[in-house]
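Enquirer: For any residue, its number in the working numbering is found by taking its place in the sequence shown, counting from 1, and adding 581.
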Amino acid sequence: MLTRRSLSLSHPQALPSGPVLRREILQDSLLAEQLLEAARAEAQALLEDARQQAARLREEARASAQAEAWRQADTMLADWQVQRQQMWEQITHHAQTLVGQAWQQLTGEQDDPVRIEALIRQLATTQPQDEPGVLHCHPDWVGAATDCLQLVQAAWSVRADPQLAADTLCLRTEQGEFSLGWGSLVQALWPEPATTQA
582 MLTRRSLSLS HPQALPSGPV LRREILQDSL LAEQLLEAAR AEAQALLEDA
632 RQQAARLREE ARASAQAEAW RQADTMLADW QVQRQQMWEQ ITHHAQTLVG
682 QAWQQLTGEQ DDPVRIEALI RQLATTQPQD EPGVLHCHPD WVGAATDCLQ
732 LVQAAWSVRA DPQLAADTLC LRTEQGEFSL GWGSLVQALW PEPATTQA
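1. Quick one: what's Ser738 bridged to in DSSP?
2. How about Leu750 and Gly762: are their beta carbons less than 9 angstroms apart?
3. Does the Cβ of His717 have 16 or more other Cβ atoms within 10 Å, making it buried, or fewer, making it exposed?
4. In this structure, how does DSSP classify Ser587 when only helix, strand and coil are distinguished?
5. Mind checking who Leu752 pairs with in its DSSP beta bridge?
6. Can you give me the start and stop residues for the alpha helix (DSSP H) that Leu730 sits inside?
7. Let me make sure I understand the geometry here. Which of Thr754, Gln731, Val723 and Leu732 has the alpha-carbon closest to that of Leu745?
8. Can you list, in chain order, the residues of its chain with a C-beta nearer than 8 angstroms to that of Arg586? Leave out the 5 residues immediately preceding and following it.
Okay, structure coming up:
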């Protein structure tokens with residue numbers, strides 16, 4: 582809304598002859614103000630779009646960085662699990678080897694009467710003791726085998742067989758022939774672990 586006002590000037594010659602502001606200037610000023618307002622609105626829209634795009638890019642970058650961090654963590658965890666499994670396999674292998682060596686040393690230190698008794702007891706647990714049979718052994722083991730048969734109360738007789746190995750017994754009954762050696766008994770009780778390539 583336009584308001585008309587009057588000003589009193591001390592020098593009336595300073596005023597131009599005609600209107601102070603021409604209509605074209607006012608129109609140009611209004612047009613410039615409209616253009617400026619449109620430019621501001623467009624700049625605000627562009628700025629808002631830029632903010633949204635920056636937020637979207639920031640979220641994508643964060644999600645990508647997080648996914649990469651998880652991928653690296655998964656890879657590292659998988660590597661640790663493989664290393665841990667290998668470590669436990671090595672520990673288990675070494676423990677089996679040590680126990681096996683201790684077992685071999687322990688069983689290797691046993692004297693003949695202990696070996697004979699262990700073999701006869703093993704045969705006695707697998708065969709009927711009241712069934713008559715002949716226990717064949719190396720001539721060096723006849724005395725110890727006879728003593729041991731009395732302990733297990735088996736109805737077997739002892740016979741020397743020089744063809745048998747020194748640590749082997751052979752029981753012959755009506756059901757068949759059953760042989761058992763000290764080495765095979767030790768191996769059956771504690772088999773040596775399979776060797777693995779490291």
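Every residue gets a Cβ at the ideal spot worked out from N, C-alpha and C, and that includes glycine.
Expert: The short version:
1. Along the sequence shown, one-based indexing puts residue 738 at 157. Note: Ser738 sits in a beta bridge opposite Val715.
2. The count along the sequence shown starts at 1 and reaches residue 750 at position 169. The count along the sequence shown starts at 1 and reaches residue 762 at position 181. Result yes, Cβ atoms of Leu750 and Gly762 sit closer than 9 angstroms.
3. Here residue 717 refers to the residue found at position 136 of the sequence shown. Taking all protein chains shown into account, His717 has 16 or more neighbouring C-beta atoms within 10 Å of its C-beta and is therefore buried.
4. Within the sequence shown, numbered from 1, the residue matching residue 587 stands at position 6. Of the three classes helix, strand and coil, the one that applies to Ser587 here is coil, per DSSP.
5. If you number the sequence shown from 1, residue 752 lands on position 171. Leu716 and Phe759.
6. Position 149 of the sequence shown, counted from the start, is the residue given in the question as residue 730. Counting along the chain, Leu730 sits inside the alpha helix (DSSP H) bounded by residues Val723 to Val733.
7. The residue labelled residue 745 in the question sits at position 164 within the sequence shown. Nearest of Thr754, Gln731, Val723 and Leu732 to Leu745, Cα basis: Val723.
8. Here residue 586 corresponds to residue number 5 of the sequence shown, with the count starting at 1. Taking C-beta separations shorter than 8 angstroms and ignoring five residues to either side along the sequence, Arg586 has no partners in its chain.
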